[in-house]
Structures are given as C-alpha cells and as structure tokens.
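Accompanying notes for the structure given below.
Number of protein chains: 2
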Amino acid sequence: MGTARVVFDRWSDRYSKRMADVRSSAVRDLFAAATRPDMISFSGGMPEIRRVPIDSVIAAATSALRDSGTEALQYGSSEGRPQVREVVVGLMGEIGVRVKADDLVITAGAQQALDLVAKIFIDPGDTIICEGPTYLGALQAFSAYQPNVVCIPMDDDGMRTDLLAEELKRLGQRGAKFIYTIPNFQNPAGVTLTPTRRRELLDLAREYDIPVIEDDPYGRLRFEGGHCLPLRALDDEVIYLGTFSKIFAPGLRLGWVAAPKPILAKFLLAKQAADLCGSSYAQVTAERYFADTRWRKTLQTLTSAYAERRDAMIAALEEFFPAEAHWTVPAGGFFVWVEMPSFLDLKSILAEAVERGVTYVPGDAFFPDGRGRNCMRLGFCYAEPAKIREGIERLAEVLEDRLELYRAFAAAGVLPAAPGTTDERG
Amino acid sequence: MGTARVVFDRWSDRYSKRMADVRSSAVRDLFAAATRPDMISFSGGMPEIRRVPIDSVIAAATSALRDSGTEALQYGSSEGRPQVREVVVGLMGEIGVRVKADDLVITAGAQQALDLVAKIFIDPGDTIICEGPTYLGALQAFSAYQPNVVCIPMDDDGMRTDLLAEELKRLGQRGAKFIYTIPNFQNPAGVTLTPTRRRELLDLAREYDIPVIEDDPYGRLRFEGGHCLPLRALDDEVIYLGTFSKIFAPGLRLGWVAAPKPILAKFLLAKQAADLCGSSYAQVTAERYFADTRWRKTLQTLTSAYAERRDAMIAALEEFFPAEAHWTVPAGGFFVWVEMPSFLDLKSILAEAVERGVTYVPGDAFFPDGRGRNCMRLGFCYAEPAKIREGIERLAEVLEDRLELYRAFAAAGVLPAAPGTTDERG
Numbered sequence: 014m015g016t017a018r019v020v021f022d023r024w025s026d027r028y029s030k031r032m033a034d035v036r037s038s039a040v041r042d043l044f045a046a047a048t049r050p051d052m053i054s055f056s057g058g059m060p061e062i063r064r065v066p067i068d069s070v071i072a073a074a075t076s077a078l079r080d081s082g083t084e085a086l087q088y089g090s091s092e093g094r095p096q097v098r099e100v101v102v103g104l105m106g107e108i109g110v111r112v113k114a115d116d117l118v119i120t121a122g123a124q125q126a127l128d129l130v131a132k133i134f135i136d137p138g139d140t141i142i143c144e145g146p147t148y149l150g151a152l153q154a155f156s157a158y159q160p161n162v163v164c165i166p167m168d169d170d171g172m173r174t175d176l177l178a179e180e181l182k183r184l185g186q187r188g189a190k191f192i193y194t195i196p197n198f199q200n201p202a203g204v205t206l207t208p209t210r211r212r213e214l215l216d217l218a219r220e221y222d223i224p225v226i227e228d229d230p231y232g233r234l235r236f237e238g239g240h241c242l243p244l245r246a247l248d249d250e251v252i253y254l255g256t257f258s259k260i261f262a263p264g265l266r267l268g269w270v271a272a273p274k275p276i277l278a279k280f281l282l283a284k285q286a287a288d289l290c291g292s293s294y295a296q297v298t299a300e301r302y303f304a305d306t307r308w309r310k311t312l313q314t315l316t317s318a319y320a321e322r323r324d325a326m327i328a329a330l331e332e333f334f335p336a337e338a339h340w341t342v343p344a345g346g347f348f349v350w351v352e353m354p355s356f357l358d359l360k361s362i363l364a365e366a367v368e369r370g371v372t373y374v375p376g377d378a379f380f381p382d383g384r385g386r387n388c389m390r391l392g393f394c395y396a397e398p399a400k401i402r403e404g405i406e407r408l409a410e411v412l413e414d415r416l417e418l419y420r421a422f423a424a425a426g427v428l429p430a431a432p433g434t435t436d437e438r439g
Numbered sequence: 014m015g016t017a018r019v020v021f022d023r024w025s026d027r028y029s030k031r032m033a034d035v036r037s038s039a040v041r042d043l044f045a046a047a048t049r050p051d052m053i054s055f056s057g058g059m060p061e062i063r064r065v066p067i068d069s070v071i072a073a074a075t076s077a078l079r080d081s082g083t084e085a086l087q088y089g090s091s092e093g094r095p096q097v098r099e100v101v102v103g104l105m106g107e108i109g110v111r112v113k114a115d116d117l118v119i120t121a122g123a124q125q126a127l128d129l130v131a132k133i134f135i136d137p138g139d140t141i142i143c144e145g146p147t148y149l150g151a152l153q154a155f156s157a158y159q160p161n162v163v164c165i166p167m168d169d170d171g172m173r174t175d176l177l178a179e180e181l182k183r184l185g186q187r188g189a190k191f192i193y194t195i196p197n198f199q200n201p202a203g204v205t206l207t208p209t210r211r212r213e214l215l216d217l218a219r220e221y222d223i224p225v226i227e228d229d230p231y232g233r234l235r236f237e238g239g240h241c242l243p244l245r246a247l248d249d250e251v252i253y254l255g256t257f258s259k260i261f262a263p264g265l266r267l268g269w270v271a272a273p274k275p276i277l278a279k280f281l282l283a284k285q286a287a288d289l290c291g292s293s294y295a296q297v298t299a300e301r302y303f304a305d306t307r308w309r310k311t312l313q314t315l316t317s318a319y320a321e322r323r324d325a326m327i328a329a330l331e332e333f334f335p336a337e338a339h340w341t342v343p344a345g346g347f348f349v350w351v352e353m354p355s356f357l358d359l360k361s362i363l364a365e366a367v368e369r370g371v372t373y374v375p376g377d378a379f380f381p382d383g384r385g386r387n388c389m390r391l392g393f394c395y396a397e398p399a400k401i402r403e404g405i406e407r408l409a410e411v412l413e414d415r416l417e418l419y420r421a422f423a424a425a426g427v428l429p430a431a432p433g434t435t436d437e438r439g
C-alpha cells in the first residue's frame, strides 16, 4: 500500500488543543491509493449522480443566471435566499413538517450544520449523546469542540430508548448538551427508529430538558414500508438538519437547518463567522431545479436504483458471506452494517481487501473510542448490481481466509485475541 | 429605527462559552431596516458585480456542466479540484508568488480560511496580533476561539512595524499564535504596507518565530503605483489567503489558502470537519471562467470603476466634510477610513445618517475592544460616482450638525465627553 509521506512539522507545538481530537481518517490514504480501475468501492456514500439528467441542471443554471445573474454572483444573506428557503418549506411539508422560511438557515451541506451546531453548544468536556455507531462526519465535526461522546447502542428498531433512559438517568437533568440521532436508514447502521421509539426519545429529551438534533439525509430514499414522521414533525423544538445532497446533488453543497428561533439566531452568528453566507450561485440553481417537476421523477429513478442495489447486496451477502457474519437489512438509504465475531479485526484486514479490489469502511471509524473493529459499513449506493455481487464475493474470500485461520486456532484450543487489545492505530 | 424583536431564549444557559464572544453585528439590524430606495450605502464591501458580463458566466457554467457534469454534481476532494487549484497557481504566479497545486486548499471564500486557520491555531486565551482597525469578519471568525487580540496601529504606510517590534518584545518568543495582516488597501483603513515594512514584518515574525497570515482580497484592484510583492513571495512560510470574490464573483464562495504542508494538513482536517469539501459546481464554473481570457478585461473594467469611485469620494470629502475630519486615500481596494475628533461618537450618529439616507460602518466594528467610535469606514465600491457625491454631502450635513453642537459646548467652556465613556453598546 506504500507508506504515507511523513513531513516534519516545525509548528507541531503551536496548534490548538482541539486539533489533537480531530481525527484524520486513517483509511483515507488507503483509498487514495486504491485507484485501480477494477476497484469495487463499498466505502463511499456517494449518490448515483449519473442518473441526474444534466440537461435539467444546465436548464436550471442558465435560466437562473439569465434572470437573477446579479444576485447569483453577489454576496447573499447569511440565512440563505428566501426563494430557496421556500423550496425547503415545501420539501419539509411533504414529509409532514410545518416550518416557515424564517425557521430555516441554508448551510453548506448538512456537514456545515453539524459543525455549527457543535460550535454553538459544546464546551470542552461537555457530554453529548449519539447513536453507536454514528456518522463519521458528525464525530469529526463534534470532536473539534472536545466533547465527551456517549454512544447509545441500536437494534433493528434504531436507538435503544431503554438504554437512552438509563444513560439520561445517570447523567441527570440537562446532563448532556444534545442528543444527536439519524432516525432514517441510519449511517452507518442502516436501521430506522420506529414511531414508538421516536415518541419515547422525544419524551425523554423533554423530561431531561435536552435538545434533540435530527439528521435526516436519507429520509426520502425509502424502498419499502410507510413513511415515518420526522421527530421535528412531533416536536417543534427539535433541531432538524436536511440536505440537497441526496435529493439533488452534493456538488452544490446545500443543506439546511430548522431550529427554534433563539437557537437559529446563535447558529446564524456562527454561520457568519464561518463563511459570511452560502453560495448564491448554488442557491439560484437549486431554486430553478426544484421549480420544475422533473426532480420528482429523477428522485424516483435514483431511489429505485438504490433499492435494486440494496437487493443485490443482501442477496450476495446471503450467497457468499460466512455463517459468522450478521448484517442489517435497510429499508432505504445507502448502507448495510455487518458485524463479524469479536475476534476479527476488520481494520487490519482492509489492506488485504484493497489488494483484492474491494473497499469498505472498518467499523471503528463510527465510534469515538476504537470500538467496532469487528464491524464494517458497506455502501451499496454507488456500484452497479453486478459489481456489488462481485465485490461481496471478493470480500467474502478475504473474510473466509481469516476465519479459517481463526477456526484452526480455536480448534487447537488457542483463542485469538479480540481486536483493540493491542494498539495498532496509526 | 424601530426596536429589535426580543425572543425569549429558554436555551440561554446552554450555549458554549465561545458564543458569548461571537459578536452580533449591532449595525446589521439597522441596515436591514435601511431599505429605502434612495438609500446611499457606504457600509457594504460588495463588488460591482453588474459589470461582470453574465454571458461569460453562463458560457462557463454551460460548458462546464456539459463536459464535467458528473464531477460538478458529486462530492469532490477536500483540497479542491486540481483544475481550479491550477488556476490559482497561475493567478499567484502573476502576482509574484510561486506555489504548486498541492500547496493549496480551496475554501468557501477567504472567510472560511479565516475560520479554519483560527480553529487550528487558537486555544482560549492565546494571543494573536492584528492591525487596529482590522477586518470585521476576521474578528468575528477569531472571536469564536476566544483569543486575546492585540491590535497594532497603522499609519499611511500600513502596520507600524516599530510598534509591532515593541509588542513582540513584550510578548516574547512565540508569544503570539499568529500575526494577521491585510497588506494591500487594508480593510477598513485603506492603507498599504510598504515594501520596507513588509520586510521588517517578516524579519520580526522570523525572529520571534510567529506564523504570519496574509489576507489579500484586494491586491489586484490597484488604481495607481507599482505592484507590491506579497509577503508570501518574500517568505514561503507565510500563510496566504486569496479569494475569487473580487476578481470574479463572491456568489460562488470560492477562496484559497496557500500554506506550508504541515499546516495545510491540519487545515484540511478542519475543512473536512467543517463541510467535507467545497462546491464542485462552483469550482468547475470558475475553472471555465478563467480558461477564457475575457476575465482580464472584466477585471480592468471593475478596477477602473472602483478608481473612479475612489476619486469621486475623495473629491466629495474635500468638498463637503468638516475641517475636523481626516481620511486615508487608498491606492486600490474598496475603503476609505475617516477619523473625526475623539469626542464625536459615530455609532450614535449612525441612526441619524440612516434617516438622511446614507449608511456607513462605525469604526468600533473593526476593533475588538470598543475603540474606534470616532471613526468610520466608507466603502466606495458599490455606489455610482454621482451617488457617492450626494451621499457624502448628506453625511457631511449630519456631521456638521453634531459638530456645531460640540463647538457651541466648547465655546461655553463645557467639553463634551469622549465616546465610550458611557456604555451604549447593545
């Protein structure tokens, strides 16, 4: 895999303390090296943007520049353009959430909203509550503000609200700065919080007086089953993060936050300090794109493609994966979460998988504390079904090789050490 | 001017400590209210984007989407597209700075670079050094990381390096996290750091081993005199911040940072946490825009327009402003800095100016500590020359009214109190 170039850093004693907590993605270099043309990637969370008709984007861009060129090129308001916020009002209405334009601030994707919400709430040492595993980008954003991250386990019904209740009891009234959850087709676990648990989570949050942050990038990418009302539809104090990345395109870097007005005012100050305002150019384009109804058909096409790929991945897992593996079956979104026996270290196996032409993200990337190394996230969003099957077959071979070794050890009465007992982290 | 709506904030005890230091722009509400059609604004720093031919932008957007549509809509690398970084390499070369594409990270305007550079360097209580006055957006970005801000006064030759030397001596070796400077046509002061002082500043920074951040949004908007080599051309450890906002359009939110590789690596981590990556959509457009040579003519047209407006403003100041006023004469950029006698409080006068149909930014916005209330920043970038004359005439009337009052007091032997002695800050 080659070695990362080490650069002597004469400023190493000058950086802020928070930077010690901002984790480099250890697998990033690996993937950068993994540019073989036959590489099958399950590591990314990239939408299948090739199915977005480029003509509809060109038409949106051209007419927006023709009609609103001066606005498109100029600084805009920090809240975002009223017109694009009206688009969001419509989108939110369709999923059962009533908001007004002035309940919203447009952000540079949902990632910026994660950064800013952490910035306005977290002091070093503050406790925050997440699902375990949780979105890697959220951990990156939060870690810069030095919180103590408590992870609540999930099952097939999403976050275990019984365990959340225990944790909140332990932490006490206002014992955490916020609860962060991805209720729909969770990244990375693929599970969805049931309507009953949504209610329970909100009741607990109210009881302990803790703000809830609902991150909902995948909510509209549902393959089967009925729509679950967002937490924000059930409680208007919920801070809701949305994004255009999965219903239009991530390349525009447009997302939004809906929050109670006082929180939104703080958020807006943080936004101004971070980048003054969002891109008017991207906003006028999105306005036009959603003014035409073709986006609905495109979103349907995309969702069907993802459903087909989910099916391909689940079928391949059943066909090829060893009996020791367990995985989730997501009803939407991008990701399947695989759990292997605790002694298997999927981080150390990754290099071998890359050799064989397949990538995934080892599970520890989704925990703040090194847990999850016997797990992996498989993204089915980007590869074609035939490639998915091939990739899962390759990956199964890697796992089988390793399992055989362990089975031989076990048969000889020598139990292998569980991963994480020695420190191999780079 | 009406009253700001006060919203009860039940989360007021929940925000991070840093948010107490992120200042709301007190004049922001005032300007929001100032939407009279005949209002003449000297408060903004908005480029004259109406002179950018929209056809050249439409052509760039269309051909970029046609040729690189999939890339334009997808997530990109956190460093920014290699192609747009090559454009920056070319632009930097033209101002005398040799960089390679991998010395650069593309940012969401220079404002994001300010935020991220503060994030990677500043721990609460750390000292940083700026010019006084300095860019309001930089103070906003830095303040979120709770630094101790030391301001070095300027004269017509830019930052007083003799006073910088004194301050550094007091602070000692590595006594500050960085020195932040805007050497060309400083915002808000309008002055330019002379070549001799550039050398002195760099020597001092080397002697005390303190990184220098050079913010250069206006460098190419020079009206007269020769080009001054950027600090980064004289010392390749300087962290240089550039932006497309003034040479193309702020609506795309594209800027860049050039820095030594170890610092750039930290910066990149902070960038990933902040927004994953920049907008590919904006980047492909900028690439195409700069691939055509028409941008040079457009930039010339813009610079000529700004020069004409600078002339109009200086002429009007000479014609209408009271003898007590002093102002800088910038050789480029967007801003004139006016200093009035110390007893005149230009913050309290602003509401009256708005009544008369003219706006400016009171000087205290550009200091971290309430200083500068007898000063104001006048932006000549956005209004037409005839409007500039009219606006300065209106403003002079407001000042004259107030000065007459003070002159009467003084004649009666009653000296008015200097501003800042009572706390009127909202």
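Protein chains in written order, with the working numbering: chain A, 14 to 439; chain B, 14 to 439. The C-beta atom is built at its ideal place from N, Cα and C for all residues, glycine as well.
- Query: DSSP on residue 340 of chain B, reduced to helix/strand/coil?
  - Reply: For the purposes of this step, residue 340 of chain B is taken as the residue at position 327 of the second sequence. In this structure, residue 340 of chain B counts as strand in the three-state DSSP scheme.
- Message: Could you check whether residue 335 of chain B and residue 88 of chain A sit closer than 7 Å to each other, using their CB atoms as the reference points?
- Response: Within the first sequence, the letter at position 75 stands for residue 88 of chain A. Within the second sequence, the letter at position 322 stands for residue 335 of chain B. Cβ atoms of residue 88 of chain A and residue 335 of chain B: not closer than 7 Å.
- Who are the neighbours of residue 78 of chain B on chain A, taking C-beta pairs under 8 Å? For the purposes of this step, residue 78 of chain B is taken as the residue at position 65 of the second sequence. Here the neighbours are 67, 70, 71, 74.
- Task: Could you check the C-alpha separation between residue 76 of chain A and residue 300 of chain B for me, to the nearest Å?
- Result: Numbered from 1 along the first sequence, position 63 holds the residue referred to as residue 76 of chain A. Numbered from 1 along the second sequence, position 287 holds the residue referred to as residue 300 of chain B. Computed Cα separation, rounded: 21 Å.
- Query: For chain B, is any of its Cβ atoms less than 7 Å away from the one on residue 87 of chain A?
  - Reply: Position 74 of the first sequence, counting from 1, holds the residue named residue 87 of chain A. Closer than 7 Å: yes.
- Task: Identify every residue that forms a DSSP beta bridge with residue 194 of chain B.
- Result: Here residue 194 of chain B refers to the residue found at position 181 of the second sequence. According to DSSP, which records beta bridges pairwise, residue 194 of chain B is partnered with B:227.
- Message: Given a cut-off of 7 Å on the beta-carbon distance, is the pair residue 32 of chain B and residue 274 of chain A in contact?
- Response: Start at 1 with the first residue of the second sequence, and residue 32 of chain B comes out as number 19. Start at 1 with the first residue of the first sequence, and residue 274 of chain A comes out as number 261. The criterion of a C-beta distance shorter than 7 Å is not satisfied by residue 32 of chain B and residue 274 of chain A.
- Taking the CB atoms as reference points, tell me whether residue 124 of chain B and residue 289 of chain A lie closer together than 7 Å. Counting from one through the second sequence, the residue named residue 124 of chain B turns up at place 111. Counting from one through the first sequence, the residue named residue 289 of chain A turns up at place 276. Less than 7 Å divides the Cβ of residue 124 of chain B from the Cβ of residue 289 of chain A.
- With 7 Å set as the bound, which would you pick, yes or no: does the beta-carbon of residue 56 of chain B sit closer than that to a beta-carbon of chain A? Residue 56 of chain B sits at position 43 when you count from the first residue of the second sequence. Not closer than 7 Å to any Cβ of chain A, the Cβ of residue 56 of chain B fails to qualify, so no.
- Could you give the distance in angstroms between the alpha-carbon of residue 66 of chain A and the alpha-carbon of residue 155 of chain B? As a position in the first sequence, residue 66 of chain A is number 53, starting the count at 1. As a position in the second sequence, residue 155 of chain B is number 142, starting the count at 1. If you take the alpha carbons of residue 66 of chain A and residue 155 of chain B, they lie about 42 Å apart.
- Consult DSSP for residue 391 of chain B and reduce its assignment to one of helix, strand or coil. Against the second sequence, residue 391 of chain B aligns to sequence position 378. Residue 391 of chain B: strand per DSSP, three-state reduction.
- Task: Verify whether the separation of the beta carbon atoms of residue 377 of chain B and residue 385 of chain B is less than 7 Å.
- Result: By one-based count along the second sequence, residue 377 of chain B stands at place 364. By one-based count along the second sequence, residue 385 of chain B stands at place 372. Cβ atoms of residue 377 of chain B and residue 385 of chain B: closer than 7 Å.
- Query: Roughly how far, in whole angstroms, is the beta-carbon of residue 114 of chain B from the beta-carbon of residue 95 of chain B, given that I think they are within contact range, below 8 Å?
  - Reply: Position 101 of the second sequence, counting from 1, holds the residue named residue 114 of chain B. Position 82 of the second sequence, counting from 1, holds the residue named residue 95 of chain B. Confirmed, Cβ separation roughly 6 Å.
- Query: In three-state DSSP terms, what is residue 50 of chain B?
  - Reply: Within the second sequence, numbered from 1, the residue matching residue 50 of chain B stands at position 37. DSSP places residue 50 of chain B in coil when its eight states are reduced to three.
- Message: Please tell me whether, using a cut-off of 6 Å, the distance from the CB of residue 248 of chain B to the nearest non-hydrogen atom of the ligand HEM is below it.
- Response: The ligand content of the structure shown is nil, which means the ligand HEM is not present either.
- State buried or exposed for residue 447 of chain B, treating a residue as buried only when at least 16 other CB atoms are found within 10 Å of its CB. It is not possible to answer for residue 447 of chain B, since the shown part of chain B is limited to 14 through 439.
- What residue from A:175, A:130, A:170, A:277 has the CA that sits closest to residue 153 of chain A's CA? As a position in the first sequence, residue 153 of chain A is number 140, starting the count at 1. Comparing Cα positions, the closest option is A:130.
- Query: Roughly how many angstroms separate the alpha carbons of residue 314 of chain B and residue 81 of chain A, rounded to a whole number?
  - Reply: Reading the second sequence from its first residue, position 301 is the one you call residue 314 of chain B. Reading the first sequence from its first residue, position 68 is the one you call residue 81 of chain A. Approximately 21 Å between the Cα atoms of the pair.
- Query: Under 8 Å Cβ-Cβ, which residues of chain B neighbour residue 30 of chain A?
  - Reply: Along the first sequence, read from residue 1 onward, the residue named residue 30 of chain A stands at position 17. The contacting residues are 136.
- Tell me whether residue 75 of chain A sits in a helix, a strand or coil according to DSSP, three-state version. Here the question's residue 75 of chain A lines up with position 62 in the first sequence. Helix.
- Members of the segment 342-359 of chain B that neighbour chain A once the beta carbon cut-off is set at 8 Å: Listed in sequence order: no entries.
- Query: Using a beta-carbon distance below 7 Å, is residue 140 of chain B in contact with chain A?
  - Reply: In the second sequence, the residue the question calls residue 140 of chain B occupies position 127. Among the residues facing chain A, residue 140 of chain B is not included, as its CB has no counterpart in that chain under 7 Å away.
- Item | Cutoff 7 Å: residue 24 of chain B Cβ touching any chain A Cβ | Numbered from 1 along the second sequence, position 11 holds the residue referred to as residue 24 of chain B. Yes - at least one Cβ of chain A is within 7 Å of the one on residue 24 of chain B.
- Query: If we ignore side chains and look at the alpha-carbon of each, how far apart do residue 146 of chain B and residue 360 of chain B end up?
  - Reply: Here the question's residue 146 of chain B lines up with position 133 in the second sequence. Here the question's residue 360 of chain B lines up with position 347 in the second sequence. Answer to the nearest angstrom: the Cα atoms are 15 Å apart.
- Message: Measuring alpha carbon to alpha carbon, tell me which residue in A:79, A:399, A:70 is nearest residue 69 of chain B.
- Response: Numbered from 1 along the second sequence, position 56 holds the residue referred to as residue 69 of chain B. Nearest C-alpha to residue 69 of chain B: A:79.
- Message: So if DSSP puts residue 269 of chain B in a beta bridge, which residue, or which two residues, is it bridged to?
- Response: Taking the first residue of the second sequence as position 1, residue 269 of chain B is located at position 256. Paired residues: B:119, B:255.
- Report the rounded CA-to-CA distance for residue 34 of chain A versus residue 283 of chain B, giving the unit in angstroms. Stepping through the first sequence from its first residue, residue 34 of chain A is reached at position 21. Stepping through the second sequence from its first residue, residue 283 of chain B is reached at position 270. Going from the Cα of residue 34 of chain A to the Cα of residue 283 of chain B covers about 11 Å.
- Item | residue 373 of chain A vs residue 56 of chain A beta-carbon contact at 7 Å | The count along the first sequence starts at 1 and reaches residue 373 of chain A at position 360. The count along the first sequence starts at 1 and reaches residue 56 of chain A at position 43. A contact, by the Cβ cut-off of 7 Å.
- Query: Terminal residues of the continuous alpha helix (DSSP H) containing residue 403 of chain A?
  - Reply: The residue you call residue 403 of chain A lines up with position 390 of the first sequence. DSSP places residue 403 of chain A inside the alpha helix (DSSP H), whose first and last residues are 398-424.
- Item | Neighbourhood of residue 92 of chain B by C-beta distance below 6 Å, restricted to the same chain and skipping five residues each side | Here residue 92 of chain B corresponds to residue number 79 of the second sequence, with the count starting at 1. Taken in chain order, the residues that qualify are 118.
- Message: So for residue 144 of chain B, helix, strand or coil by DSSP?
- Response: In the second sequence, residue 144 of chain B corresponds to position 131, counting from 1. Three-state DSSP puts residue 144 of chain B in a strand.
- Task: State the DSSP-derived secondary structure class of residue 371 of chain A, mapped to helix, strand or coil.
- Result: In the first sequence, counting from the first residue as 1, residue 371 of chain A sits at position 358. DSSP places residue 371 of chain A in strand when its eight states are reduced to three.
- Looking at the structure shown, is residue 93 of chain B part of a helix, part of a strand, or coil, going by DSSP? Translated into the one-based positions of the second sequence, residue 93 of chain B becomes position 80. Correct three-state label for residue 93 of chain B: coil.
- Task: Have a look at the DSSP bridge pairing and note the partners of residue 350 of chain B.
- Result: Your numbering for residue 350 of chain B matches position 337 in the second sequence. Under the DSSP definition of a beta bridge, residue 350 of chain B partners with B:390.
- Query: Buried or exposed: where does residue 144 of chain A fall if 16 or more other Cβ atoms within 10 Å of its Cβ makes it buried?
  - Reply: The residue labelled residue 144 of chain A in the question sits at position 131 within the first sequence. In the assembly as shown, residue 144 of chain A is a buried residue. Its beta-carbon has 16 or more other beta-carbons within 10 Å.
- Item | Interface flag, residue 125 of chain B vs chain A, CB-CB below 7 Å | Here residue 125 of chain B refers to the residue found at position 112 of the second sequence. Chain A contact via Cβ: present.
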